[in-house]
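A.B. asks: Going by this note's numbering, the sequence shown opens with residue 6, and the numbers climb by one from there. Here it is, the structure in full.
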Amino acid sequence: MAPTDVADTTFLEAMRLAQLKTVDRFEVYRDFRFVDRLPESRITFQHRIVSHSGRTYKAVHYDHGNGVAVADVDGDGLPDIYFTTQVGRNTLWHNLGGGRFED
């Protein structure tokens, strides 16, 4: 069932149907959907790279010095988010609850 062309995704439907036949054997929540909540979160961090890296940009895992860390920094029981970037400022976003954050 493996495709010969990585762009060929027609095999996915067959896999989906095969998996659906087994759902009654498991107690797993599977009806989830991604919902973009960026506007409500108020997070405005922007990824930036240094100009000379931008001229020869290649998507590789070891380049461009950006990252993210999630931890309860202030001990209020909510995960805060720390963004790092090569250019500009790193920012710590305090979790206000309800999916909202402040810089």
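We put the beta carbon where it would ideally sit given N, CA and C, even for glycine. On a predicted model such as this, the values are computed, not experimentally measured, just so you know.
(1) For N95, does the count of other Cβ atoms within 10 angstroms reach 16, so buried, or fall short, so exposed?
(2) So, are the CB atoms of N100 and L83 less than 8 angstroms apart?
(3) In this structure, what does DSSP give as the bridge partners for E107?
(4) Report all residues from its chain with a CB closer than 6 angstroms to the CB of P8; omit the five preceding and five following residues, and keep chain order.
(5) Please identify the residue among L97, T90, Q51 and T49 whose C-alpha is closest to the C-alpha of V75.
(6) If we ignore side chains and look at the alpha-carbon of each, how far apart do G104 and R47 end up?
(7) Which stretch, first to last residue, makes up the beta strand (DSSP E) that contains F88?
(8) Tell me which residues share the same chain as E45 and place their Cβ nearer than 8 angstroms to its Cβ, disregarding the 5 neighbours each side in the sequence.
(9) Going by DSSP, what residue range makes up the alpha helix (DSSP H) through Q51?
(10) Go ahead and pull the three-state DSSP assignment for Y75.
C.D. replies: On the basis of the data shown:
(1) Stepping through the sequence shown from its first residue, residue 95 is reached at position 90. So N95 ends up on the exposed side.
(2) For the purposes of this step, residue 100 is identified with residue 95 of the sequence shown, where counting begins at 1. For the purposes of this step, residue 83 is identified with residue 78 of the sequence shown, where counting begins at 1. Yes, they are a contact pair.
(3) Taking the sequence shown and counting its residues from 1, the one referred to as residue 107 is at position 102. By DSSP's assignment, E107 forms a beta bridge with H99.
(4) Locating residue 8 in the sequence shown gives position 3, where the first residue counts as 1. At P8 the pLDDT is 46, less than 50, meaning the model places this residue with poor confidence; the figure from the coordinates comes in the next sentence. So the qualifying residues of the chain are F16.
(5) Here residue 75 refers to the residue found at position 70 when the sequence shown is read from its first residue. Minimum Cα distance to V75 is reached at L97.
(6) Mapped onto the sequence shown, residue 104 falls at position 99. Mapped onto the sequence shown, residue 47 falls at position 42. Roughly 9 angstroms separates the two Cα atoms.
(7) Here the question's residue 88 lines up with position 83 in the sequence shown. Counting along the chain, the beta strand (DSSP E) containing F88 begins and ends at D85 to T89.
(8) Walking along the sequence shown from the start, residue 45 turns up at place 40. Here the set comprises G104 and R105.
(9) The residue given as residue 51 occupies position 46 in the sequence shown. In the DSSP assignment, Q51 falls outside any alpha helix (DSSP H) and carries neither an H nor an E.
(10) Here residue 75 refers to the residue found at position 70 of the sequence shown. Residue identity differs from the one stated: residue 75 is Val in this sequence, not Tyr. DSSP, read as helix, strand or coil, puts V75 in strand.
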